[in-house]
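K.L.:
There are 4 protein chains.
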Amino acid sequence: MPTKSIAVIAGVGAGTGGCIARKFAQKYSVALLARNPTSYQTLVQEIHSNGGNAIGINTDVTSDASVKNAFSEIEKAFPGAPLAAAIYNVGGGFVRKPFLELSQEDFRAGFESNAKGAFNFSQAALPLLLKSVDLEHPPTLIFTGATASMKGSALCASFATGKFALRALSQSLAREFGPKGVHVSHAIIDGIIDIERTRGFQFDAPDAKLSPHSIADSYWFLHTQPRTTFTHELDLRPYVEKW
Amino acid sequence: MPTKSIAVIAGVGAGTGGCIARKFAQKYSVALLARNPTSYQTLVQEIHSNGGNAIGINTDVTSDASVKNAFSEIEKAFPGAPLAAAIYNVGGGFVRKPFLELSQEDFRAGFESNAKGAFNFSQAALPLLLKSVDLEHPPTLIFTGATASMKGSALCASFATGKFALRALSQSLAREFGPKGVHVSHAIIDGIIDIERTRGFQFDAPDAKLSPHSIADSYWFLHTQPRTTFTHELDLRPYVEKW
Amino acid sequence: MPTKSIAVIAGVGAGTGGCIARKFAQKYSVALLARNPTSYQTLVQEIHSNGGNAIGINTDVTSDASVKNAFSEIEKAFPGAPLAAAIYNVGGGFVRKPFLELSQEDFRAGFESNAKGAFNFSQAALPLLLKSVDLEHPPTLIFTGATASMKGSALCASFATGKFALRALSQSLAREFGPKGVHVSHAIIDGIIDIERTRGFQFDAPDAKLSPHSIADSYWFLHTQPRTTFTHELDLRPYVEKW
Amino acid sequence: MPTKSIAVIAGVGAGTGGCIARKFAQKYSVALLARNPTSYQTLVQEIHSNGGNAIGINTDVTSDASVKNAFSEIEKAFPGAPLAAAIYNVGGGFVRKPFLELSQEDFRAGFESNAKGAFNFSQAALPLLLKSVDLEHPPTLIFTGATASMKGSALCASFATGKFALRALSQSLAREFGPKGVHVSHAIIDGIIDIERTRGFQFDAPDAKLSPHSIADSYWFLHTQPRTTFTHELDLRPYVEKW
Chain A
1 MPTKSIAVIA GVGAGTGGCI ARKFAQKYSV ALLARNPTSY QTLVQEIHSN GGNAIGINTD
61 VTSDASVKNA FSEIEKAFPG APLAAAIYNV GGGFVRKPFL ELSQEDFRAG FESNAKGAFN
121 FSQAALPLLL KSVDLEHPPT LIFTGATASM KGSALCASFA TGKFALRALS QSLAREFGPK
181 GVHVSHAIID GIIDIERTRG FQFDAPDAKL SPHSIADSYW FLHTQPRTTF THELDLRPYV
241 EKW
Chain B
244 MPTKSIAVIA GVGAGTGGCI ARKFAQKYSV ALLARNPTSY QTLVQEIHSN GGNAIGINTD
304 VTSDASVKNA FSEIEKAFPG APLAAAIYNV GGGFVRKPFL ELSQEDFRAG FESNAKGAFN
364 FSQAALPLLL KSVDLEHPPT LIFTGATASM KGSALCASFA TGKFALRALS QSLAREFGPK
424 GVHVSHAIID GIIDIERTRG FQFDAPDAKL SPHSIADSYW FLHTQPRTTF THELDLRPYV
484 EKW
Chain C
487 MPTKSIAVIA GVGAGTGGCI ARKFAQKYSV ALLARNPTSY QTLVQEIHSN GGNAIGINTD
547 VTSDASVKNA FSEIEKAFPG APLAAAIYNV GGGFVRKPFL ELSQEDFRAG FESNAKGAFN
607 FSQAALPLLL KSVDLEHPPT LIFTGATASM KGSALCASFA TGKFALRALS QSLAREFGPK
667 GVHVSHAIID GIIDIERTRG FQFDAPDAKL SPHSIADSYW FLHTQPRTTF THELDLRPYV
727 EKW
Chain D
730 MPTKSIAVIA GVGAGTGGCI ARKFAQKYSV ALLARNPTSY QTLVQEIHSN GGNAIGINTD
790 VTSDASVKNA FSEIEKAFPG APLAAAIYNV GGGFVRKPFL ELSQEDFRAG FESNAKGAFN
850 FSQAALPLLL KSVDLEHPPT LIFTGATASM KGSALCASFA TGKFALRALS QSLAREFGPK
910 GVHVSHAIID GIIDIERTRG FQFDAPDAKL SPHSIADSYW FLHTQPRTTF THELDLRPYV
970 EKW
């Protein structure tokens, strides 16, 4: 029996990351990276009880050492298994403040969570993804973007700099690693996601929020595209969203 | 038994349109619009022999009357059947010439094939799509774009004006009809498609051309997105493509 | 004494086109193209009384023959004078309607006024501009864009298709004729211009509308850039505008 | 006699920054920020000998404290003088390497030089610019972008993340401070600038490089736009440049 491949998802919790993990766990062993065990413990158990393989690893993606350690743990847990997909879905870095009230830390937060973390994650994942070009689906690296990836709004200087930087990174990686057979994608999530934390956000339409399950389906779709026909960027948006 | 829904595809032939038709024919009755019967006859037979329903209709999409007639024929062939998807995949209008050598007809060709045809097609399809918001998948209108949708290159004034105009139309329709439950999408095909006509185009990599089958899979993916999570625009590009 | 050069402005009247004409008339003979003499008669007199040279020519820019005739008239009025600048500032084509209420003519209007007219104008102007590469300033072709050049809004399918198409044309011409020394620019006017027709539009701020004089200054700035340092595209927007 | 206003330019040396300084010194006292005195000493003398006012201040823009110190020095040198313009023209952070060879420092360099430095500079300049809304020209904050502001190329992950982030910052500031009367602009320099350091870069055309003098003229043009008619973004490109 061939070794089951691995998907690693950075940024799991009650929301989108969790749905992505469940989706990819249907085929792959999954490694779930989050700052706190509370973000992945229940999910790891759920995946196990559904017959899947999952591990959770405490990881601070803004730390090079922490990300390297996470990938060592993955290798220990699933020795010799190829990496099929790596998904960077880290939130955070969202600060909404008048510019002149931003502290140095506030401003840096957008870059650290988004671009710096994605850099650490990509440096660890890409050498493994490059070895997986002969798997059933092209090895895939997906980054989660936002409305702020395309537009720098007032009061959002920190988050927008981080998300713009992440988009630049994803383009640069797609152009360098695409020709080597790695599929690098950037998904622009343009709207409120329907998760625990946003339950209180009310709209006129009852289905005005993005479904995290459908986001996960979209990521799986990206992963299964053959290399003749890669999507680098797509937007995901509720039907009632203004844009 | 509920009535089988319909997908209408404008611009079918040996290439992408044919693959889209086959894909959608797995679930829907399909109506294939093309200028010449030679573009759809074999395909209609093939779909029939695979147990599907298909009709072909001679249509000049640049003619309002011809498009209206096509939709009358569809209603006659599949009376009462709801329209689930409408795909505008018309090529043509590609003229590569120094600007000062373009005739009035050359210049107009890009707009006629792309924007004018898409206007006629959308005006006929949207009233029907609006009635289909309670089907399994949100009713879907997809337009096929190109590299020239995003960039006006030298010698391509005609095609680029047509493709830019088509993109404007698709954005305007998405913003008007999205909130009414219709999924309007625009796919940017950035590369050479691997079809009969491009067989002679040689690249270093053997798989350097877009697979029309994968384009069809992508269109089907767009069609099956729930309305909480619509993609308006995605690019499709071979892994070795420069961009 | 060297022959005074010419600037031709299509789309003059009480607003922006008039201000552009006054600005360019400080250095050049100006030819003013408009559908009706009432759009240019007073302006021609004003420029004469200020010591400038100006002619007005009844022109329907959507007609190839009418534009050709206009350029013949210009040659008759200013024989042998080189063309220094050609500015396409034609409004029109603005139809705001639900998509399903658009007539064939409504939809075509955006393309005709913007792209088709600009095509006719450019085909007549570019052969003359190419002869002017040794003038003091690089020969210049400027197109007036709008918010709708960048975004296809609901109910604006006609205007947006026209303005997107115009932008495609301007990019294609810039890439073909830039290396030949012709400066092709596209100005995105994003806001309400402060002219007679918009006097009734009230905003909180008293200076919330674009100054047509400043637009003219910007066009003059574009014209005077050396070819080492061309601007292809700039936006122009009131300080209080949301974008 | 009214107090002469100030322009502060971060990133001066033999190239563009120096030309911007000379241009703004024709009307304003100028403060020149650079890491090393060798970057500004000759320029300060030249401006003095032409009857202007200039000071140079050793500044590391990536350090909050260093930038605050620079603005204190400016206040000491020109007490009570209003700030008319602040120009962030810092180069650096350009690293061209395969992604997997980038060190943590390499990757961070693009962000530090471009976004972090621009953050420090903007936090120091904006409180002063806000006090200058009644000067002859709207107070102006200009950022120097690059090709990499719009496109993340292979091997350019560090520089592109920094330049994308800078663009995000400039958009966010324009949307927050524009309505308060401050003109925030972003200039995309798309090509090689004709300076000492690029003397060896040969092209077919003798004038294939951007003129730093013309870049300075463009910045001055931006500064003198009235607030009814602000340009947020323009590109600057040699006529022969491919884009």
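Protein chains in written order, with the working numbering: chain A, 1 to 243; chain B, 244 to 486; chain C, 487 to 729; chain D, 730 to 972. Where a beta carbon is used, it is the ideal one built from N, C-alpha and C, also for glycine. If you're wondering where the values come from, they're calculated on a predicted model, not measured in any experiment.
Classify B:Thr-259 as helix, strand or coil using the three-state DSSP reduction.
P.N.:
Here B:Thr-259 sits in helix by DSSP.
K.L.:
Once DSSP output is grouped into helix, strand and coil, what is the label at C:Asn-600?
P.N.:
Three-state DSSP puts C:Asn-600 in a helix.
K.L.:
Could you say if the region 103-120 of chain A and the region 159-172 of chain A meet the contact criterion of at least three C-beta pairs nearer than 8 angstroms?
P.N.:
The region 103-120 of chain A, when compared against the region 159-172 of chain A, does touch it at the 8 angstroms Cβ threshold.
K.L.:
I need the DSSP call for A:Val-253, collapsed to helix, strand or coil.
P.N.:
Outside the shown range of chain A (1 to 243) lies residue 253 of chain A, about which nothing can therefore be said.
K.L.:
Measuring alpha carbon to alpha carbon, tell me which of C:Val-668, C:Gly-631 and C:Glu-591 ends up nearest C:Leu-569.
P.N.:
The residue with the shortest Cα to Cα distance from C:Leu-569 is C:Val-668.
K.L.:
Does any heavy atom of the ligand FMN sit closer than 8 angstroms to the C-beta of B:Phe-321?
P.N.:
The ligand FMN is not part of the structure shown, which contains no ligands of any sort.
K.L.:
Any beta-carbon of chain B closer than 9 angstroms to the one on C:Ala-654?
P.N.:
It does: the Cβ of C:Ala-654 has a partner Cβ on chain B nearer than 9 angstroms.
K.L.:
Taking the C-alpha atoms as reference points, what is the distance between D:Ile-921 and D:Thr-876?
P.N.:
The straight-line gap from Cα to Cα measures roughly 10 angstroms.
K.L.:
Would B:Ala-313 and B:Ile-330 qualify as a contact pair, given that the criterion is a beta-carbon distance under 9 angstroms?
P.N.:
Their beta carbons are not under 9 angstroms apart, which means B:Ala-313 does not touch B:Ile-330 by this criterion.
K.L.:
Comparing C-alpha positions only, which one of A:Ser-185, A:Leu-155 and A:Val-30 sits nearest to A:Glu-101?
P.N.:
Closest by alpha carbon: A:Leu-155.
K.L.:
So D:Thr-873 and C:Ser-704 are in contact, right, with Cβ under 8 angstroms, and what is the actual spacing, rounded?
P.N.:
Going by Cβ atoms, the distance from D:Thr-873 to C:Ser-704 rounds to 20 angstroms, so no, they are not a contact pair.
K.L.:
Between which two residues does the alpha helix (DSSP H) containing C:Asp-703 stretch?
P.N.:
Here the alpha helix (DSSP H) through C:Asp-703 covers 698-710.
K.L.:
Taking a contact to mean a Cβ-Cβ separation below 9 angstroms, would you say B:Phe-321 touches B:Thr-383 in this structure?
P.N.:
No, the pair does not count as a contact, with Cβ atoms beyond the cut-off.
K.L.:
Would C:Leu-698 be called buried (16 or more neighbouring beta carbons within 10 Å of its own) or exposed?
P.N.:
The question names Leu, but residue 698 of chain C in the sequence shown is Pro. Counting Cβ neighbours within 10 Å, C:Pro-698 comes out buried, since at least 16 surround it.
K.L.:
Consider the Cβ of A:Gly-181: report whether some Cβ of chain B lies at a distance smaller than 9 angstroms.
P.N.:
A:Gly-181 counts as touching chain B.
K.L.:
Give the DSSP-derived three-state secondary structure of B:Thr-369 in the structure shown.
P.N.:
The question names Thr, but residue 369 of chain B in the sequence shown is Leu. It is helical.
K.L.:
Where does C:Ile-560 fall in DSSP's three states?
P.N.:
Reduced to three states, the DSSP call for C:Ile-560 is helix.
K.L.:
Who are the near neighbours of C:Ser-656 in its chain, counting only those whose CB is closer than 7 angstroms to its CB and skipping five residues on each side?
P.N.:
These residues qualify, in order along the chain: Phe-629, Val-670 and His-672.
K.L.:
Which residue wins for smallest C-alpha separation from A:Ala-14, given the options A:Gln-26, A:Asp-134, A:Ala-34 and A:Gly-93?
P.N.:
If we check each option's Cα against that of A:Ala-14, A:Ala-34 comes out closest.
K.L.:
Using only alpha-carbon positions, find the residue among B:Phe-362, B:Ser-396 and B:Leu-465 that is nearest to B:Arg-339.
P.N.:
Residue B:Ser-396 is the option with its Cα nearest to B:Arg-339.
K.L.:
Output the distance between the C-alpha atoms of C:Ser-552 and C:Lys-509, rounded to the nearest integer angstrom.
P.N.:
C:Ser-552 and C:Lys-509: Cα-Cα distance of roughly 25 angstroms.
K.L.:
Leaving out five residues on either side along the sequence, give the residues of the same chain with a beta carbon under 6 angstroms from the beta carbon of D:Val-969.
P.N.:
Closer than 6 angstroms at Cβ, skipping near neighbours: Ala-934 and Ala-937.
K.L.:
Along chain A, which residues have their Cβ under 7 angstroms away from the Cβ of D:Gln-852?
P.N.:
Within 7 angstroms Cβ-Cβ: Leu-100.
K.L.:
For A:Asp-64, return the contacting residues in chain D, with the cut-off set at a CB-CB distance below 7 angstroms.
P.N.:
Here the neighbours are Gln-833.
K.L.:
Just to confirm my understanding: we take A:Lys-180, look at its own chain, exclude 5 residues before and 5 after, and list those with CB closer than 8 angstroms. What are they?
P.N.:
The residues are Leu-130 and Val-133.
K.L.:
Could one say the Cβ of A:Lys-131 lies closer than 9 angstroms to chain D's Cβ atoms, at least one of them?
P.N.:
False, the Cβ-Cβ gap to chain D never drops below 9 angstroms.
K.L.:
Report the neighbours of B:Phe-446 on chain A: residues whose CB is nearer than 9 angstroms to its CB, in chain order.
P.N.:
Per Cβ cutoff of 9 angstroms: no residues; B:Phe-446 is ~11 angstroms from chain A at best.
K.L.:
Excluding five sequence neighbours on each side, which residues of the same chain lie with their C-beta closer than 6 angstroms to the C-beta of D:Gln-782?
P.N.:
Sequence inspection shows Asn at residue 782 of chain D; the Gln mentioned does not correspond to that position. Ser-758.
K.L.:
Out of B:Lys-394, B:Asp-437, B:Arg-418 and B:Leu-465, point me to the one whose CA is closest to B:Trp-486's CA.
P.N.:
Selected option, being the one with the closest Cα: B:Lys-394.
K.L.:
Determine, for C:Ser-757, whether the minimum Cβ-Cβ distance to residues of chain B falls below 9 angstroms.
P.N.:
Beyond the ends of chain C as shown, which are 487 and 729, falls residue 757 of chain C; an answer cannot be given.
K.L.:
Would you say A:Asp-134 faces chain B, with C-beta separation under 9 angstroms as the test?
P.N.:
It does not; no Cβ of chain B falls within 9 angstroms.
K.L.:
Measure the Cβ-Cβ separation of D:Ser-842 and A:Phe-99 and say whether it is below 9 angstroms.
P.N.:
It is not a contact, given that the beta carbons lie outside the stated cut-off.
K.L.:
Can you list the alpha helix (DSSP H) stretches of 4 or more residues lying completely in the region 117-190 of chain A, in chain order?
P.N.:
Those alpha helix (DSSP H) runs which fall completely within the region 117-190 of chain A and span 4+ residues are 117-130 and 157-177.
K.L.:
Step through the CB atoms of chain A and report whether any lies within less than 9 angstroms of the CB of D:Glu-905.
P.N.:
With 9 angstroms as the cut-off, D:Glu-905 counts as an interface residue toward chain A.
K.L.:
How many Å lie between C:Gly-577 and C:Gly-503 at the Cα?
P.N.:
So the two alpha carbons sit approximately 10 angstroms from each other.
K.L.:
Pull up the DSSP beta-bridge partners for B:Tyr-331, would you.
P.N.:
In the DSSP output, where bridge partners are listed per residue, B:Tyr-331 has B:Ala-253 and B:Phe-386.
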